[in-house]
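To convert a position in the sequence shown, counted from 1, into the numbering used here, add 6. Here is the structure we will look at.
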Amino acid sequence: PEDAERYENYAQMEELLFGPEGDMPILPIYFYTNVSLQRESIKETFNQNLLDQIDLTKVVEGDDSGDEDA
7 PEDAERYENY
17 AQMEELLFGP
27 EGDMPILPIY
37 FYTNVSLQRE
47 SIKETFNQNL
57 LDQIDLTKVV
67 EGDDSGDEDA
């Protein structure tokens with residue numbers, strides 16, 4: 007029930023694990039991944055920045071065979 011005593015215990019545990027002589031290195035436990043599908047006719051793909059904003063302005067769809075129906 008004593009907050010100060012509990013915080014002191016937490017500080018000691020953190021020092022044992024993560025201090026200069028600590029036994030536990032920092033380890034990322036989650037990685038962000040993105041999965042996307044696109045047609046083979048897409049010539050340029052989209053860009054995604056660090057804020058997960060997707061820029062679709064450079065996406066171009068075209069026919070790889072060179073035959074363009076007008």
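Cβ coordinates follow ideal geometry from the N, Cα and C atoms, glycine included. A quick note: this is a predicted structure, and the numbers were derived from the prediction, not measured.
Asked: N-terminal and C-terminal residue of the beta strand (DSSP E) that residue 50 is part of; Found: 48 to 50
Asked: Residue 19 - containing alpha helix (DSSP H), residue span; Found: 9 to 24
Asked: Contacts around residue 60, its chain only, beta-carbon distance under 6 Å, and the 5 residues preceding and following it disregarded; Found: 52 and 54
Asked: Residue closest to residue 30, alpha-carbon to alpha-carbon, out of 41, 37, 21 and 36; Found: 21
Asked: Pair within 7 Å by beta-carbon distance, residue 65 and residue 50; Found: yes
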